[in-house]
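Sequence positions in the sequence shown follow this note's numbering and run 4 to 458. Where is the CB? At the ideal position from N, CA and C, for every residue including glycine. The structure displayed is predicted, hence computed values, not measured ones. Worksheet for the structure shown next.
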Amino acid sequence: MRSLRTRLFAILLITTGLLWLSATVWIFLSTRAEVERVLDARLMEAARMVNSLIVSQDMMKDDGDDRLAQSAMKIPVLEHPHYDRQLSCQIWSLDGTLIGKSDSAPDTTLAAHATGFSETVINGETWRVFAVENAGLGVRVLVGDNLRIRDRLVNDLVKGLLFPALLIIPLLAVLIWLSVGRGLAPLRKLAGELAAREASDLHAIEGLGATREIAPVLKSLNGLFARVAGAREREQNFIAFAAHELRTPLAGLKTQAQVALSSDDDATRERALGHIVAGVDRTGKLVRQLLDIASVEATEGGKTVNTFDVGEMLAGLMAELRGNGTAAAGISIDERLFGLKTRMEPELFRLAARNLLENAFNHSPSGTAVRCGIEKQAGSLIILIDDAGPGIPEDEMPHVTERFFRGRFKTTAGSGLGLSIVERALDRAGADLQLRNRAEGGLSARIVLPQSLLP
4 MRSLRTRLFA
14 ILLITTGLLW
24 LSATVWIFLS
34 TRAEVERVLD
44 ARLMEAARMV
54 NSLIVSQDMM
64 KDDGDDRLAQ
74 SAMKIPVLEH
84 PHYDRQLSCQ
94 IWSLDGTLIG
104 KSDSAPDTTL
114 AAHATGFSET
124 VINGETWRVF
134 AVENAGLGVR
144 VLVGDNLRIR
154 DRLVNDLVKG
164 LLFPALLIIP
174 LLAVLIWLSV
184 GRGLAPLRKL
194 AGELAAREAS
204 DLHAIEGLGA
214 TREIAPVLKS
224 LNGLFARVAG
234 AREREQNFIA
244 FAAHELRTPL
254 AGLKTQAQVA
264 LSSDDDATRE
274 RALGHIVAGV
284 DRTGKLVRQL
294 LDIASVEATE
304 GGKTVNTFDV
314 GEMLAGLMAE
324 LRGNGTAAAG
334 ISIDERLFGL
344 KTRMEPELFR
354 LAARNLLENA
364 FNHSPSGTAV
374 RCGIEKQAGS
384 LIILIDDAGP
394 GIPEDEMPHV
404 TERFFRGRFK
414 TTAGSGLGLS
424 IVERALDRAG
434 ADLQLRNRAE
444 GGLSARIVLP
454 QSLLP
């Protein structure tokens with residue numbers, strides 16, 4: 004069902020109806036059993052009463068052998084106007100002669116047994132009969148109850164229960180419908196609040212008097228608004244910073260191009276062209292990093308998980324950096340990295356490792372080496388990328404992964420995006436980034452792989 008109100012109404016109405024039906028069935032069965040027990044008790048009392056009357060009243064004739072006279076007699080039986088002739092009574096001599104019977108009793112014997120309860124079918128009617136045998140008088144008293152009339156009595160009792168139910172259920176349905184509608188009023192109020200909002204309004208929803216069930220929804224919505232507001236703010240800052248960072252090198256390129264065009268001196272022209280090439284490289288790197296950030300933000304971590312060799316990935320990145328002239332320092336890769344397999348998105352690891360290697364090479368003096376190593380600790384594996392540069396001042400360490408942050412030891416080739424890309428890529432891949440200054444000088448960038456990423 005599309006309507007929550009209709010769904011709740013149907014569930015409550017069906018549940019209430021089933022409970023009512025179950026109660027009615029239970030009452031019917033228990034009432035039937037109780038009525039049958041009471042009527043059986045009445046049969047016994049009636050048979051014993053008639054037997055006592057035979058003994059105590061002047062309904063017997065002494066013919067010398069102390070036997071009941073064989074003359075037929077009429078036996079009055081109390082009848083209810085709504086259940087006419089329900090009880091029937093017969094008195095039979097032990098030799099099989101009918102001595103007396105009530106008006107409603109059939110002419111044939113109600114039962115052939117000596118004493119106790121039995122059921123007999125006479126002329127298509129089922130009778131419940133209780134027999135009392137008086138051996139001293141030579142008679143047997145039979146009192147019977149027509150089961151058809153019994154069933155009518157039980158059915159009349161059940162109808163008395165069902166008729167009020169049939170009248171109450173429509174009223175109950177109306178009350179349930181109104182109650183569900185009132186209970187869902189906070190949802191309608193919340194929907195109205197959201198519908199009236201502008202697209203740019205992302206402040207938290209407050210003051211709606213939310214019930215305990217609606218409060219988690221409100222909390223989740225407010226959390227979503229906060230995350231969206233944060234993402235919009237980061238996006239706006241990113242666009243502003245990116246525009247600024249692109250505007251600066253482009254202005255420099257234009258200036259150097261104007262110098263090259265206006266100068267007749269070959270040396271000046273060559274110097275200007277060299278600055279243009281460097282500016283193009285820097286701008287190209289910035290554009291690539293901006294695209295990398297967009298790629299990382301759009302990637303759902305773990306969606307294309309593959310197993311790859313870490314050492315071979317690092318060696319390929321080293322060769323690529325050497326090919327474009329980025330790697331001026333020496334290179335050292337621990338042999339244990341070759342053959343090390345990890346389960347994550349290869350592109351995310353490649354983005355993180357490439358930016359860490361670029362940073363290491365950009366900050367490493369000539370004659371030093373960038374070392375890639377491995378370290379094990381409880382529950383994880385650490386890939387190290389160590390350089391011999393100036394490191395990161397401790398007061399700048401909390402900010403180095405912010406976008407466009409450039410510390411005191413910045414280089415001309417940097418844009419302040421590399422470590423931000425690394426952190427976000429590793430976070431999407433399920434790994435962590437740790438940065439530590441080395442005691443002997445330089446920075447140690449550590450990619451921490453949890454056990455879940457190791458095959």
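With respect to the alpha helix (DSSP H) encompassing residue i, which residues constitute its N-terminal and C-terminal limits?
i: phenylalanine 352; result: 349 to 366
i: leucine 429; result: 421 to 432
What is the DSSP secondary structure of residue i, reduced to helix, strand or coil?
i: proline 453; result: strand
i: glutamate 397; result: coil
i: glutamate 122; result: strand
i: serine 383; result: strand
i: valine 3; result: This structure cannot settle anything about residue 3, because the visible part of the chain is limited to 4 through 458.
i: leucine 90; result: strand
i: leucine 71; result: Unreliable positioning characterises leucine 71 in this predicted model, as indicated by a pLDDT of 44, which lies under 50. The coordinate reading is nonetheless provided below. Coil at leucine 71, not helix or strand.
i: leucine 205; result: coil
i: aspartate 268; result: coil
i: glycine 287; result: helix
i: serine 447; result: strand
i: isoleucine 217; result: coil
i: leucine 224; result: helix
i: leucine 101; result: strand
i: threonine 258; result: helix
i: glycine 319; result: helix
i: glycine 392; result: coil
i: glycine 282; result: helix
i: glycine 376; result: strand
i: methionine 4; result: Annotation note: pLDDT 45 at methionine 4 (below 50); position unreliable, no value reported.
Taking the C-alpha atoms as reference points, what is the distance between residue i and residue j?
i: alanine 49; j: valine 146; result: 7 Å
i: threonine 271; j: serine 369; result: 28 Å
i: threonine 404; j: alanine 188; result: 46 Å
i: valine 144; j: tryptophan 95; result: 6 Å
i: methionine 316; j: arginine 353; result: 7 Å
i: threonine 371; j: isoleucine 450; result: 22 Å
i: glycine 141; j: threonine 100; result: 11 Å
i: proline 173; j: serine 91; result: 44 Å
i: aspartate 159; j: valine 28; result: 14 Å
i: alanine 254; j: glutamate 236; result: 27 Å
i: aspartate 430; j: aspartate 312; result: 20 Å
i: alanine 26; j: serine 55; result: 42 Å
i: leucine 452; j: isoleucine 377; result: 11 Å
i: serine 105; j: glutamate 37; result: 27 Å
i: aspartate 389; j: arginine 346; result: 23 Å
i: arginine 70; j: aspartate 148; result: Caution is warranted here: a pLDDT of 44 is assigned to arginine 70, below 50, making its placement in the model unreliable, and the coordinate value is therefore given only provisionally. The straight-line gap from Cα to Cα measures roughly 28 Å.
i: glutamate 443; j: phenylalanine 228; result: 47 Å
i: leucine 436; j: glutamine 454; result: 15 Å
i: aspartate 267; j: glutamate 273; result: 11 Å
i: threonine 123; j: alanine 108; result: 13 Å
i: glycine 103; j: alanine 138; result: 17 Å
i: leucine 264; j: threonine 258; result: 10 Å
i: glycine 195; j: glycine 233; result: 25 Å
Which residue wins for smallest C-alpha separation from residue i, given the options the options?
i: isoleucine 14; options: Phe364, Val124, Ile179; result: Ile179
i: glutamate 136; options: Trp130, Leu165, Leu97; result: Leu97
i: arginine 8; options: Gly186, His116, Gly282, Ile102; result: Gly186
i: threonine 118; options: Phe133, Thr129, Glu128, Thr111; result: Phe133
i: phenylalanine 12; options: Ala176, Ser59, Leu24; result: Ala176
i: alanine 115; options: Asp106, Trp130, Ser105, Ser107; result: Trp130
i: glycine 342; options: Asn158, Leu457, Leu32; result: Leu457
i: leucine 22; options: Gln93, Ala168, Lys379, Arg51; result: Ala168
i: valine 161; options: Thr345, Phe31, Gly20, Ala218; result: Phe31
i: leucine 360; options: Leu422, Arg427, Asn225; result: Leu422
i: asparagine 362; options: Leu197, Leu420, Thr310, Ser383; result: Leu420
i: histidine 206; options: Arg215, Lys192, Leu221; result: Leu221
i: alanine 356; options: Leu224, Ile242, Ile208, Gly314; result: Gly314
i: phenylalanine 364; options: Thr258, Gly392, Ser223, Arg291; result: Gly392
i: glutamate 426; options: Arg441, Gly445, Arg406; result: Arg406
i: arginine 374; options: Ala234, Leu340, Ser383, Ser335; result: Ser335
Starting from residue i and walking both ways along the beta strand (DSSP E), at which residues does that stretch end?
i: glycine 333; result: 333 to 336
i: aspartate 43; result: Taken as a continuous stretch (DSSP letters only), aspartate 43 belongs to no beta strand (DSSP E), being part of the alpha helix (DSSP H) at 7 to 59.
i: isoleucine 408; result: The amino acid occupying residue 408 in the given sequence is phenylalanine; isoleucine does not appear at that position. Per DSSP, phenylalanine 408 belongs to no beta strand (DSSP E) and is neither H nor E.
i: aspartate 435; result: 435 to 440
i: aspartate 312; result: 309 to 312
Any Cβ of chain D within less than 8 Å of the Cβ of residue i?
i: alanine 263; result: Looking for chain D here will not work: only one protein chain is present.
Original post:
Which ranges does the alpha helix (DSSP H) cover as unbroken runs of at least 4 residues, wholly within the region 173 to 199, from first to last along the chain?
Top reply: 188 to 198
Subject >> Ranges of the alpha helix (DSSP H) found wholly within the region 103 to 175, counting only runs of at least 4 >> reply: none
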